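Here is the structure we will look at, set down as structure tokens.
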Amino acid sequence: MIPLTFEYALEVVDLKKAFGGLVVTQNISLAVRPGERRLIIGPNGAGKTTLFNQISGDMRPNSGLIKLFGTDVTHFAPYKRAHFGLSRTYQIITLFTGDTLEHNVTLGLLGLQPSRWQMWRPLSFYGDLTTEARRILDKVGLLHLAAHPVSDIAYGEKRRVELAMALAQKPRVLLLDEPLAGLSNTERSTVKELIASIPRETAVIMIEHDMDTALDLAETVTLLNYGRVIVDGDRDAVIADERTREVYLGV
Amino acid sequence: MKWIGVALLAASFLLPPFLAGDFYVNLASQILIAAIFALSLNLLVGFGGMTSLGHASYLGVAAYISALLTSRYGFGHGLAAIISIAGSTAMAAFFGVVALRATGLGFLMITLAISQVLWGLAYRMSNVTNGDNGIAGLTRPMPFGISLDSAASFYWFALVVASLAFLMTTIFVSSSFGSSLKGVRDQPRRMAALGFNPWMIRWITFIYAGFWGGVSGLLYVYYNKYIHPTSLSITSSAEALLSVIAGGSGTLGGPVVGAALVLLLKNYASAYIERWNMLLGLVFLFIVLVMPTGIVPGFSRLVTGLRRESR
Amino acid sequence: MQFWIIQGLNSLSLGGLLFLLSSGFSLIFGLMRLANLTHGAFFMLGTYFGATALRSWDGLNIWVTALGAGIAVAAIGGLFERLVLTRLKTNPLGQVLVTLGMSFIISDACLMLWGGDSIPVPTPRNLLSPTRVFGFVFPTYRLVLVGCAIGAAIALYLLLERTRLGAMIRAGVDDRQMARAVGIPVSNLFTVVFCLGAGIAGAGGVLGGPILSAYPGLDADMLPLALIVVILGGIGSLLGAFVGSFIIGFIYTFGTALFPELAYIILFLPMIFVIAFRPQGLFGRVGT
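Those protein sequences? They're chains X, P and L, same order as listed.
Just so we're aligned: the first sequence equals residues 985 to 1235 in the numbering used here.
Just so we're aligned: the second sequence equals residues 137 to 447 in the numbering used here.
Just so we're aligned: the third sequence equals residues 2 to 289 in the numbering used here.
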């Protein structure tokens, strides 16, 4: 499919999600341009991860629209959205702990390949996938651990593998859910560098609590509170905005 | 070193007809049939992470179709076999859609409910299935004109089929599809986010498991020359599940070892104990409480441990 | 006309029995996330206890017997839960397997103790004479059974909605971790609920005796019905178990009367329907 130039990589229109009587997100509208770097901030419980879950398809919104490059994907299953160029990382580590790093990334690459339906050739037959997986591991500085099972490596290294898997498929829209959470200072700067080096073909939308690090990476910022968009716009404008201060100083 | 062990084991399968009398050769045949059945279930349980308590459905239905077609409608064995397997596989496709509306315990309950309904049907529809009397007087096929009536000849036949089953399930599980199946077992959400279709992967596996379950059903009815509703019972499914778990799910050899153990236990215990079901229940409790990962992983851990110590 | 009314009453009484069977199953699944495959065996154990007691002591009150059997079965259930199930907290598959194993043990034990023949259970004498309503004749015992089920439903409802224990159970069903976090002794609660479920099944078994008789295989006949009721009505929902029991009671009774060979398929169809269009069951609160 030849990608037509679209104004927005991701559009969210009037998204609402409620669990019984509890409304978690409402009237959320967002528009992210191709290649943009957007940061989503807000206090705990503001609905950030629920927003991500609706975009990725893990949760069905009660109402609203989600569009990827102009296509309405609101009713698409999560796996279908991956084929539309969406990729995400999770707050909790969801790697294949019993398998090697190389296998993890190879699986990540297999997801969009027709060869994933092959029922008689072993995965090792697909040498090009393994080579690419090793190249990606090298990019995130983990090639030396390629043959180690995920259960053996450190937490910060696991986070890098997550990132590697998410980037492996060269997504057009990448959702990063608290990529810096629980990392030490050195690990944090390594991951920050990695995020900064993500190619411009990918629009990056990031949820983060560590504002100092995250704000450097952001071009635009969206502030959520109580499930609604409070402020939305260029980074400096949002930081300076009075409402941002209100939300964070707990008025 | 490992390959020598495996080769020895494989070679030992060639021995029974030369070393032992008919009783033991027949026992070995039964082990092979049970092993195929357990292998097919393990595709679901061990590699797919879907615990089914209704797998006997596929064994029983294939067996009944073959029995009815050959004894009542005069079909030849070859055609009857094809229809039986096709029927069992088609049934797996249909029931898979129903059962896969849920996962985990819901899936378990639905597979159990379906299999109990089929079991009840086998008893009730007595003008078709002969109910509690079962269908007797069946014959064994004659592939390429060779009679399978002797213990040894049937054993060779079963060994060929079992080897094929083992080979094909190994290929399936080691393939890229197999990798995606194991991925869906371990992290279904992550797999979906990566572009894999978890439902389709599970459904295809369910169908394939039904196929091999049907194959074991054919061997079962050929061996026994008789079919009865108990083949569809929960005990039948439970014995297979026990074989998988006792042997070690998620390994290829585990179900075979487990099937051998369960069958040997059944045979020898029934000489001394009348109540096989109670023994089965106690063995279930024992295995789950004491050896939850099964014998084969436990054994390989032991070997790895010994190897590490000897360095 | 008489046919329809009799079958209707049979449906209601079967529905009542199914409620006594499946309410416990639904509760156990709802709170402990455990598909208790021993449940049919608990019911059957109650039927056998009742059969022996009612045949040995002429004129023994069936309600007392039901209570006694219920307590006995609850005790057995409690021992099983404490000694076996609690060791398998991290192994939900293992838990299901041991309940399966336990059901085999109980059913074979019954076979050993009571033999292979079906044991009819006498209907209590004071309920033998039929009731006349609007010129129709009804077997009294079956009417009483329906009353029992309604009574049990009300009692369970009050327990769950109006008592502290019930509040704790409901909290545990909705969110186990949260319940633990606010100090609810979830582990003890599990034992209580398991005993309660087993006990109701055991008592139900006694009350079902006059209609079903005690026979080997009763557990295997009842378990799938409980499963189908819970799949239909929704897990963890008392209302679902109630409605589902009577729906299945009607389908099974009329199905068996009108199409004896296909009764099982007729049971099967609503289950497929519900799974296809509403996998959480009619009133389900807990997802499968």
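Here a beta-carbon is modelled for each residue, glycine too, at the ideal position from N, C-alpha and C.
Values in this document were obtained by computation on a predicted structure and should not be read as measured data.
The alpha helix (DSSP H) that contains residue i, what's its start and end?
i                      : result
residue 301 (chain P)  : 287–310
residue 392 (chain P)  : 390–408
residue 1214 (chain X) : Taken as a continuous stretch (DSSP letters only), residue 1214 (chain X) belongs to no alpha helix (DSSP H), being part of the beta strand (DSSP E) at 1212–1218.
residue 163 (chain L)  : 141–163
residue 1209 (chain X) : Residue 1209 (chain X) -> not in any alpha helix (DSSP H); beta strand (DSSP E) instead, spanning 1204–1209.
residue 20 (chain L)   : 3–33
residue 1225 (chain X) : That residue, residue 1225 (chain X), is in no alpha helix (DSSP H); it is neither H nor E in DSSP.
residue 376 (chain P)  : 370–383
residue 156 (chain P)  : Per DSSP, residue 156 (chain P) belongs to no alpha helix (DSSP H) and is neither H nor E.
residue 272 (chain P)  : Neither: residue 272 (chain P) is in no alpha helix (DSSP H) and is coded neither H nor E.
residue 262 (chain L)  : From DSSP, residue 262 (chain L) is part of no alpha helix (DSSP H); its letter is neither H nor E.
residue 1086 (chain X) : 1085–1094
Figure out for me which residue from the options has the closest Cα to the Cα of residue i.
i                      : options                        : result
residue 1208 (chain X) : X:1217, X:1073, X:1197         : X:1217
residue 1173 (chain X) : X:1044, X:1101, X:1201         : X:1201
residue 290 (chain P)  : P:166, P:380, P:423            : P:166
residue 245 (chain P)  : L:53, L:189, L:26              : L:26
residue 334 (chain P)  : X:1064, X:1053, X:1052, X:991  : X:1064
residue 1219 (chain X) : X:1206, X:1210, X:1229, X:1012 : X:1206
residue 242 (chain P)  : L:47, L:237, L:265             : L:237
residue 175 (chain L)  : L:32, L:252, L:278             : L:32
residue 191 (chain L)  : L:204, L:258, L:143, L:167     : L:167
residue 1078 (chain X) : X:1163, X:1199, X:1185, X:1226 : X:1163
residue 1018 (chain X) : X:1182, X:1212, X:1231, X:1093 : X:1182
residue 273 (chain P)  : P:358, P:403, P:428, P:353     : P:358
residue 1009 (chain X) : X:1177, X:991, X:1023, X:1030  : X:1030
residue 270 (chain L)  : L:210, L:232, L:81             : L:232
residue 1196 (chain X) : X:1157, X:1002, X:1033, X:1165 : X:1165
residue 400 (chain P)  : P:155, P:140, P:145, P:159     : P:159
residue 139 (chain L)  : L:30, L:275, L:4               : L:4
Would you grab the beta carbon distance between residue i and residue j for me? Rounded to a whole angstrom, and I think it's under 8 Å.
i                      : j                      : result
residue 1124 (chain X) : residue 1081 (chain X) : The Cβ separation is near 18 Å, so there is no contact.
residue 101 (chain L)  : residue 217 (chain L)  : Not quite, the Cβ-Cβ distance comes to about 17 Å (not below 8 Å), so this is no contact.
residue 225 (chain L)  : residue 249 (chain P)  : 5 Å
residue 1058 (chain X) : residue 1045 (chain X) : 7 Å
residue 239 (chain L)  : residue 14 (chain L)   : In fact, because the Cβ distance is near 20 Å, the residues do not count as touching under 8 Å.
residue 1020 (chain X) : residue 1204 (chain X) : 6 Å
residue 1157 (chain X) : residue 994 (chain X)  : 5 Å
Is the closest heavy atom of the ligand ADP to the C-beta of residue i under 7 Å?
i                     : result
residue 255 (chain L) : Questions concerning the ligand ADP fall outside what the structure shown contains, since it holds no ligand whatsoever.
Just to confirm, is the Cβ distance from residue i to residue j under 8 Å?
i                      : j                      : result
residue 1066 (chain X) : residue 196 (chain P)  : no
residue 392 (chain P)  : residue 375 (chain P)  : no
residue 215 (chain L)  : residue 273 (chain L)  : no
residue 1049 (chain X) : residue 1056 (chain X) : yes
residue 181 (chain P)  : residue 419 (chain P)  : no
residue 234 (chain L)  : residue 283 (chain L)  : yes
residue 1073 (chain X) : residue 1147 (chain X) : yes
residue 367 (chain P)  : residue 430 (chain P)  : no
residue 183 (chain P)  : residue 1101 (chain X) : no
residue 426 (chain P)  : residue 99 (chain L)   : no
residue 40 (chain L)   : residue 227 (chain L)  : yes
residue 405 (chain P)  : residue 170 (chain P)  : no
residue 201 (chain P)  : residue 271 (chain P)  : no
residue 74 (chain L)   : residue 43 (chain L)   : yes
residue 1089 (chain X) : residue 1137 (chain X) : no
residue 256 (chain L)  : residue 71 (chain L)   : no
residue 377 (chain P)  : residue 254 (chain P)  : no
residue 388 (chain P)  : residue 440 (chain P)  : no
residue 1 (chain L)    : residue 48 (chain L)   : Chain L is shown from 2 up to 289; residue 1 (chain L) falls before or after that span and cannot be answered.
residue 413 (chain P)  : residue 108 (chain L)  : yes
Please report the residue range of the beta strand (DSSP E) in which residue i lies.
i                      : result
residue 1187 (chain X) : 1187–1191
residue 62 (chain L)   : Careful: residue 62 (chain L) lies outside any beta strand (DSSP E) and carries neither H nor E.
Practice task
Kindly provide the ranges of any alpha helix (DSSP H) runs that are 4 or more residues long and lie completely inside the segment 996–1076 of chain X, ordered along the chain.
Solution key: DSSP runs (the alpha helix (DSSP H)) wholly in the segment 996–1076 of chain X: 1032–1040, 1062–1067.
Problem - Every unbroken alpha helix (DSSP H) within the segment 167–235 of chain P, with a cutoff of 4 residues, ordered by chain - result: The segment 167–235 of chain P contains these whole alpha helix (DSSP H) runs: 192–207, 213–235.
Exercise for the section: Give, in chain order, every residue of the segment 110–126 of chain L whose Cβ lies closer than 9 Å to some Cβ of chain B. Expected result: In summary, chain B is missing from the structure at hand, where the protein chains are X, P and L.
Exercise for the section: With a floor of 3 residues, list each beta strand (DSSP E) that falls wholly inside the segment 1115–1183 of chain X, ordered by position along the chain. Expected result: List check, beta strand (DSSP E) in window: 1157–1161.
Problem - Complete runs of the alpha helix (DSSP H) confined to the segment 72–143 of chain L [at least 4 residues] - result: Whole alpha helix (DSSP H) segments, 4+ residues: 93–115.
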